[in-house]
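Colleague: For the sequence shown, our numbering puts the final residue at 193, and the numbers step up evenly by one.
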Amino acid sequence: MGASQSTPQQDEKVFTPDTSLHFSEDVVNQLADHQASPEIPHDRQLTIDAHIRSRIQSELGRLQQEEERVREEIERALEKENLDRERSMAGEETAAGDATSAGSVRSSAALMGDLEELRQKIEKYHVRQNSEELSDVRTKGEEVVSCYKSHPATPLDCWKAVEDFRTSVAQVEQRYVNSLR
13 MGASQSTPQQ DEKVFTPDTS LHFSEDVVNQ LADHQASPEI PHDRQLTIDA HIRSRIQSEL
73 GRLQQEEERV REEIERALEK ENLDRERSMA GEETAAGDAT SAGSVRSSAA LMGDLEELRQ
133 KIEKYHVRQN SEELSDVRTK GEEVVSCYKS HPATPLDCWK AVEDFRTSVA QVEQRYVNSL
193 R
């Protein structure tokens, strides 16, 4: 039934040219060399190289992400370990009753709070240094200096500038003392 379709056909056709074909020795050598060492076409080689580069880049990106994830896990574990160690050390100190001593161990959260408090105090100090009150005191002080320079032989003529300077300093001191109360 279907056997006739799968059997090879026996009637091969061979064509013989009317004229003889002769190839130069260079063409024959080139064809022989090409068969001996098949080269990949340049376009195909570029495509393969680009594909390999893209796979390397994707693998490199994946490895970098994995490294970052592992680093974050290690940092979290170390942070947890440090906090546990601080808590246990602080617990031992409070159990011994030495929590109020100068050598007591404090947690990093308490130290961060202390640092923030110090930063606020420093900021207040800088604000006070730049305030108008202090600039007024500086101005009055400069007036005293310029008065003394302009009257080197008679410094008593600068009593008014000196008195203004003293008054402004006393006012600033009084405001500072009142702010501490």
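Built from N, CA and C at the ideal position, the CB exists for glycine as well.
Nothing here was measured: the structure is a model prediction, and the numbers come from that model.
In terms of alpha-carbon separation, which member of Glu71, Cys170 and Ala165 lies closest to Val157?
Modeller: Of the listed residues, the one whose Cα sits closest to Val157 is Cys170.
Colleague: If you follow the alpha helix (DSSP H) that Leu146 is in, where does it begin and where does it stop?
Modeller: Leu146 -> alpha helix (DSSP H) spans Glu144 to Ser162.
Colleague: Please go through the same chain and pick out, in chain order, the residues whose beta-carbon is closer than 8 Å to the beta-carbon of Ser100, but skip the five residues on each side of it.
Modeller: Excluding residues within five positions, none has a Cβ falling inside 8 Å.
Colleague: Does Ser32 come out as helix, strand or coil in the three-state DSSP assignment?
Modeller: Note: Ser32 maps to coil in three-state DSSP.
Colleague: Which residue comes first and which comes last in the alpha helix (DSSP H) that contains Thr166?
Modeller: Element bounds for Thr166: n/a, residue is neither H nor E.
Colleague: Please classify Phe177: is it buried, with 16 or more other beta-carbons within 10 angstroms of its beta-carbon, or exposed?
Modeller: Classification for Phe177: buried.
Colleague: Go ahead and pull the three-state DSSP assignment for Ile10.
Modeller: The structure shown does not extend to residue 10, since the chain spans only 13 to 193, so no value can be given for it.
Colleague: On the three-state DSSP scale, how would you describe Phe177?
Modeller: Helix at Phe177.
Colleague: For Ala89, does the count of other Cβ atoms within 10 angstroms reach 16, so buried, or fall short, so exposed?
Modeller: Exposed is the call here.
Colleague: If you draw a straight line from the C-alpha of Thr179 to the C-alpha of Cys159, how long is it?
Modeller: Rounded to the nearest angstrom, the two C-alpha atoms are 17 Å apart.
Colleague: Exposed or buried, Ala44, counting other C-beta atoms within 10 Å across all chains shown (16 or more means buried)?
Modeller: With fewer than 16 other Cβ atoms within 10 Å, it is exposed.
Colleague: Which term fits Ala62, buried or exposed, when burial requires 16 or more other beta carbons within 10 angstroms of its beta carbon?
Modeller: Classification of Ala62: exposed, given that the 10 Å Cβ count is below 16.
Colleague: When burial is assigned at 16 or more other CB atoms within 10 Å of the CB, is Ala122 buried or exposed?
Modeller: That one is exposed.
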